[in-house]
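2 protein chains.
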Amino acid sequence: MQRYRLALIGFGNVGQGFTQILRDKGEQLARRFDVQYQIVAVSDLLKGSLYDPDGLDATALLEAIQNKGHIQNLPAPHQGWDALKTINQTNADAVIEISYTDLKTGEPALTHIRTALALGKHVVTTNKGPIALRYPELAALAREKGAEIGVEGTVMSGTPALRVGQELLGGTSISKVQGILNGTTNYILTQMENGASYQQALAQAQELGYAEADPTGDVEGHDAAGKVVILANLLMEAPLTMADVSCQGITQVSPADIAEAKAAGERWKLIGAVEQTGHGVEASVKPLRIPLSHPLASISGATNAITYTTDLLDEVTLVGPGAGRLETGYALLGDLLAIHRNSK
Amino acid sequence: MQRYRLALIGFGNVGQGFTQILRDKGEQLARRFDVQYQIVAVSDLLKGSLYDPDGLDATALLEAIQNKGHIQNLPAPHQGWDALKTINQTNADAVIEISYTDLKTGEPALTHIRTALALGKHVVTTNKGPIALRYPELAALAREKGAEIGVEGTVMSGTPALRVGQELLGGTSISKVQGILNGTTNYILTQMENGASYQQALAQAQELGYAEADPTGDVEGHDAAGKVVILANLLMEAPLTMADVSCQGITQVSPADIAEAKAAGERWKLIGAVEQTGHGVEASVKPLRIPLSHPLASISGATNAITYTTDLLDEVTLVGPGAGRLETGYALLGDLLAIHRNSK
Numbered sequence: 005m006q007r008y009r010l011a012l013i014g015f016g017n018v019g020q021g022f023t024q025i026l027r028d029k030g031e032q033l034a035r036r037f038d039v040q041y042q043i044v045a046v047s048d049l050l051k052g053s054l055y056d057p058d059g060l061d062a063t064a065l066l067e068a069i070q071n072k073g074h075i076q077n078l079p080a081p082h083q084g085w086d087a088l089k090t091i092n093q094t095n096a097d098a099v100i101e102i103s104y105t106d107l108k109t110g111e112p113a114l115t116h117i118r119t120a121l122a123l124g125k126h127v128v129t130t131n132k133g134p135i136a137l138r139y140p141e142l143a144a145l146a147r148e149k150g151a152e153i154g155v156e157g158t159v160m161s162g163t164p165a166l167r168v169g170q171e172l173l174g175g176t177s178i179s180k181v182q183g184i185l186n187g188t189t190n191y192i193l194t195q196m197e198n199g200a201s202y203q204q205a206l207a208q209a210q211e212l213g214y215a216e217a218d219p220t221g222d223v224e225g226h227d228a229a230g231k232v233v234i235l236a237n238l239l240m241e242a243p244l245t246m247a248d249v250s251c252q253g254i255t256q257v258s259p260a261d262i263a264e265a266k267a268a269g270e271r272w273k274l275i276g277a278v279e280q281t282g283h284g285v286e287a288s289v290k291p292l293r294i295p296l297s298h299p300l301a302s303i304s305g306a307t308n309a310i311t312y313t314t315d316l317l318d319e320v321t322l323v324g325p326g327a328g329r330l331e332t333g334y335a336l337l338g339d340l341l342a343i344h345r346n347s348k
Numbered sequence: 005m006q007r008y009r010l011a012l013i014g015f016g017n018v019g020q021g022f023t024q025i026l027r028d029k030g031e032q033l034a035r036r037f038d039v040q041y042q043i044v045a046v047s048d049l050l051k052g053s054l055y056d057p058d059g060l061d062a063t064a065l066l067e068a069i070q071n072k073g074h075i076q077n078l079p080a081p082h083q084g085w086d087a088l089k090t091i092n093q094t095n096a097d098a099v100i101e102i103s104y105t106d107l108k109t110g111e112p113a114l115t116h117i118r119t120a121l122a123l124g125k126h127v128v129t130t131n132k133g134p135i136a137l138r139y140p141e142l143a144a145l146a147r148e149k150g151a152e153i154g155v156e157g158t159v160m161s162g163t164p165a166l167r168v169g170q171e172l173l174g175g176t177s178i179s180k181v182q183g184i185l186n187g188t189t190n191y192i193l194t195q196m197e198n199g200a201s202y203q204q205a206l207a208q209a210q211e212l213g214y215a216e217a218d219p220t221g222d223v224e225g226h227d228a229a230g231k232v233v234i235l236a237n238l239l240m241e242a243p244l245t246m247a248d249v250s251c252q253g254i255t256q257v258s259p260a261d262i263a264e265a266k267a268a269g270e271r272w273k274l275i276g277a278v279e280q281t282g283h284g285v286e287a288s289v290k291p292l293r294i295p296l297s298h299p300l301a302s303i304s305g306a307t308n309a310i311t312y313t314t315d316l317l318d319e320v321t322l323v324g325p326g327a328g329r330l331e332t333g334y335a336l337l338g339d340l341l342a343i344h345r346n347s348k
């Protein structure tokens, strides 16, 4: 049985979902994969920080959050360590970076990840910021230090869009990747097709927790653009940055546009795409009218989907959830299991 | 650079497609994965058998097949070895089992695979027969001998349906798997929806090479049933056999049925399914009317698709080719790369 000690940097929804999965799946993981994961540290600016080299109790962590909204009163040998002290001074083998996302600077997650990799600790993260901004640098640092960096949760939450492309389709050449990479905008477009106005659909998305109070990042396409950059870097070996993505959101799509597409047997989708062209790799996010027969046309609501165009298999499409507490928590577990598989 | 020496048992379409891929992908595989594959032996009852411990030339093998239909005149230190002698006496590290499929006995592939694994040689195969009949025994033998057995090509050709379920979704619990697992019948149903009669659609499928002269295995659902058994064994740890699958093909689906479904906003699909139920795991192949909004409804023609129902990600669907020379050849390469990844 191989044991991994984990430090969670951040303890919001995703961290709690991940902790719940570990609490419930211990027996299955031991039996199927001969592996055990033990949370030894949690460090969260608001909810508190704990470190016990012998392991923290997942059930107690989740109960404290549920009952009090924080973990500050739980017993532990060490309390109140900040993120960097937690990364530097705990006995964790792997750092789970799930602090907040900043697509402009990548901080503070970027510093967390650099620090952990420099110590030879594995990193898994669902944080798009540092990965969209600095993946090539971070991947090189990981290789140099003999550590691994897993970023599955940055695109389509726990749906394994990156490892399908990198590992399972790794022997093909991928010439194009396109997908519905943002659930909020797909939900809004689906509701508009059902008759809602843009404002009504946005309000519904906010009510359901799909869209944030300030929905700019979703509806202007920036979130999808970050994912497109990650796909370009990981699946097409193209070191693009955010500035390379031609980006247009859904705010200009009108009910008349929707009706016109419907009448023509088509449907508006916000499509993120990276494509090998005659003049290099081109990346874009924009609303496109696609025929109903296209595999991406039937993806409705908050579901995400990605189509890989390859030399040997032509098109392969993967459809699954793009967000959610357990769904994104699973991305972290999937990465840890892949690291375990690759380390045997 | 890790080198693997390969023995191909069978040199039909799939073996030739695989050889073509190795011929064209050497540089990419070395650069991405630090691995090299060298065919040292080919043994085919009709096309001839060659063995060179230092490696055979992929280009020469393909040219001989193209120009003469056999490889009997190519120079090699050893000629005419049968399958078992090739498995037993060559220096191959991995045996590529791609002889013909027999869903009743699994032979001769079953003996080939047992022999190779007993010698500690890895086996990769696209042959449903032995896997649908004896997977638990073969997997146990592989584990005991420290070898690996890769069977990705037995379901959906090179579309990585098995490794997505086993590896990438391995931390979830899969309660149900259902899919369109046979391209021939899906093509026929799609053509019938477009107005063709069953006989016309079958004739078209035969013309295109999708259906064999005797189409029984496809249209009666036996091919899909074999795949369902494999999915049950690999993804749900349920040791089902062919006899456990309730199996019904598409020969009873009439143009009137098709029209009736169409009028109701539904579509007939031949669905293979395995499901965890209150009274154990149940497996079936049968034509079902599914709503157009279902992800499997939009899968048309010879394309295949599979939906995994999981505890943590709800539904994840994978769509891709279900047959083809390069597509199935890629399944073999995908398995070899996975063995390489897992062995590092």
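These protein sequences, in sequence, are chains A and B.
Positions 5 to 348 (the working numbering) are the ones given, in order, by the first sequence.
Positions 5 to 348 (the working numbering) are the ones given, in order, by the second sequence.
Yeah, the Cβ is synthetic: ideal placement off N, Cα and C, and Gly gets one too.
- How would you list, in chain order, the residues of chain B whose beta-carbon sits under 7 Å from the beta-carbon of A:L317? G162, T163, G324, P325, E331 and Y334
- Can you tell me which of the three DSSP states B:T220 falls into? helix
- Item | For A:V278 and A:L4, believed in contact at Cβ under 8 Å, the rounded distance | Any answer about residue 4 of chain A is impossible in this case: the structure gives chain A only from 5 up to 348.
- Task: Can you say whether A:R9 is buried or exposed, counting buried as having 16 or more other CB atoms within 10 angstroms of its CB?
- Result: buried
- My guess is that B:A11 and B:T94 are in contact by the Cβ rule of under 8 Å, so how many angstroms apart are they, rounded? 5 Å
- Nearest chain A C-beta to B:L235 closer than 8 Å, yes or no? no
- To which residues of the same chain is B:I357 closer than 6 Å at the C-beta, ignoring the five residues directly before and after it? What the structure shows of chain B is the stretch from 5 to 348, and residue 357 of chain B is not part of that stretch, so it cannot be assessed.
- Decide if the stretch 283 to 295 of chain B is in contact with the stretch 257 to 272 of chain B; the criterion is three or more beta carbon pairs, one per stretch, under 8 Å apart. yes
- Report the option in B:L172, B:G52, B:H74 and B:A80 whose CA atom is closest to the CA atom of B:A316. Checking the sequence shown, residue 316 of chain B turns out to be Leu, not Ala. Considering only alpha carbons, the answer is B:L172.
- Determine the DSSP secondary structure at A:V278, reduced to helix, strand or coil. strand
- Task: Classify A:N71 as buried or exposed, calling it buried when 16 or more other Cβ atoms lie within 10 Å of its own Cβ.
- Result: exposed
- For B:Q314, which of B:Q195, B:P81, B:A151 and B:G174 has the nearest alpha-carbon? Checking the displayed sequence, the identity of residue 314 of chain B turns out to be Thr instead of Gln. It is B:G174 whose Cα lies nearest to the Cα of B:T314.
- Query: Less than 7 Å between the CB of A:T314 and some heavy atom of the ligand PLP, yes or no?
  - Reply: Among the components of this structure there are no ligands whatsoever, and the ligand PLP is therefore not found.
- Can you give the Cα-Cα distance for B:T109 and B:L340, rounded to whole angstroms? 26 Å
- Below 8 Å between beta carbons: does that hold for A:T23 and A:A335? no
- Between A:G52 and A:A80, what straight-line distance do the alpha-carbon atoms span, to the nearest angstrom? 12 Å
- Query: Which stretch, first to last residue, makes up the beta strand (DSSP E) that contains A:E241?
  - Reply: Segment: none, A:E241 is in no beta strand (DSSP E) and carries neither H nor E.
- Anyone know if the C-beta pair for B:T4 and B:P299 falls short of 8 Å? As displayed, chain B neither begins before 5 nor continues past 348, which places residue 4 of chain B out of reach and without an answer.
- Message: Measuring only the C-alpha atoms, how far is A:T255 from B:A151?
- Response: 55 Å
- Message: Taking 7 Å as the limit between beta carbons, can you name the residues of its chain near B:L239, skipping five residues before and five after?
- Response: G169, Q170, I178 and V181
- Item | DSSP bridge partner residues for B:T63 (one or two, in chain order) | BP columns for B:T63 are empty, so no partner.
- Message: What does the alpha-carbon distance come out to for the pair B:T105 and B:Q20?
- Response: 17 Å
- So, is the C-beta of A:T313 closer than 8 Å to a C-beta in chain B? no
- Roughly how many angstroms separate the alpha carbons of A:G282 and A:S288, rounded to a whole number? 16 Å
- Task: Compare the beta carbon distance of A:L60 and A:V39 with 8 Å and say whether it is the shorter of the two.
- Result: no
- Task: Pick helix, strand or coil for B:V349, following the three-state DSSP scheme.
- Result: The displayed coordinates of chain B run from 5 to 348. Any statement about residue 349 of chain B would go beyond what the structure contains.
- Query: In chain order, which beta strand (DSSP E) runs of at least 3 residues are fully inside the stretch 288 to 319 of chain B?
  - Reply: 307 to 314
- Query: Rounded to a whole number of angstroms, what is the C-alpha to C-alpha distance between A:I117 and A:L142?
  - Reply: 8 Å
- Helix or strand or just coil, what does DSSP make of A:Y8? strand
- Message: So the candidates are A:Q280, A:G162 and A:V249; which of them puts its Cα closest to the Cα of A:T307?
- Response: A:G162
- Leaving out five residues on either side along the sequence, give the residues of the same chain with a beta carbon under 6 Å from the beta carbon of A:L337. I25
- Query: Can a CB atom of chain A be found closer than 8 Å to the CB of B:V168?
  - Reply: yes
- Task: Keeping to the same chain, check which residues put their C-beta closer than 7 Å to that of B:V128; ignore five residues upstream and five downstream.
- Result: A98, I100, G154, L336, D339 and L340
- Message: Buried or exposed for B:P259, going by 16 or more other Cβ atoms inside 10 Å?
- Response: exposed
- Query: From B:G124 to B:E216, what does the alpha carbon distance come to, in whole angstroms?
  - Reply: 36 Å
- Between A:G333, A:G30, A:G328 and A:F37, which lies nearest to A:T188 when the distance is taken from Cα to Cα? A:G328
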